[in-house]
Structures are given as C-alpha cells and as structure tokens.
Amino acid sequence: MDYTSGGVVWTFDMPFEQLPVVCVGVQLSSLPDSIYPISHKIVSLTTTSVTIKVYKVELTDLRDLLFSECATNDVVVHITAEGE
Numbered sequence: 001m002d003y004t005s006g007g008v009v010w011t012f013d014m015p016f017e018q019l020p021v022v023c024v025g026v027q028l029s030s031l032p033d034s035i036y037p038i039s040h041k042i043v044s045l046t047t048t049s050v051t052i053k054v055y056k057v058e059l060t061d062l063r064d065l066l067f068s069e070c071a072t073n074d075v076v077v078h079i080t081a082e083g084e
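So in the numbering used here, spot 56 of the sequence shown is number 56, and the numbers just go up one at a time.
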C-alpha cells in the first residue's frame, strides 16, 4: 500500500483470535535509495488492524541519528500478518 503521512493502517480481512505476527517490507518509491536508510515502526497492533510509520534516518554527527517520517508516496509498504 502507498504510504501516507501519519502512517498506514491495514485492517485485516478477518479478526485474529490472538495478536498476529506482522512482517513489514518497505519499498522506496520517490526517494533515491542511496541517500536515506529507512526504518519502520509498528505503532499499534490489535487483532483487527495494524498501524505502521516509516522513517528516513540521517546521521547528524557521529553520535546522533535523526529520524524523520516519510512523506506521502515516498515509499510503498508491504505487510503480511499470520496467526490464529
């Protein structure tokens, strides 16, 4: 699914009985792949949905990393969920 600022929410087709295992893959869309390492975070996980945010990571100096959220359409998020 295309990324939107504020994160993406995926509502599962059927609710799980327990929290599922969620796998996330991030594909660059409009960001040059040589400039920013990408990180993601599962912000919310329930038996019915998951919310994910994706961040660009910049090294500000030798000790500090700066995380800034990706903009709309910067990346495509691939999500799978498995469970009972």
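For every residue, glycine included, the Cβ atom is placed at its ideal position computed from N, Cα and C.
Predicted model only: the values in this text are computed from it and were never measured.
- For the region 44 to 76, the full-length beta strand (DSSP E) segments reaching 3 residues or more read 49 to 59, 65 to 69 along the chain.
- In the structure shown, Gln27 adopts extended strand secondary structure according to DSSP, grouped into three states.
- For Thr11, the enclosing beta strand (DSSP E) covers residues 8 to 11.
- Taken through DSSP and simplified to helix, strand or coil, Glu84 comes out as coil.
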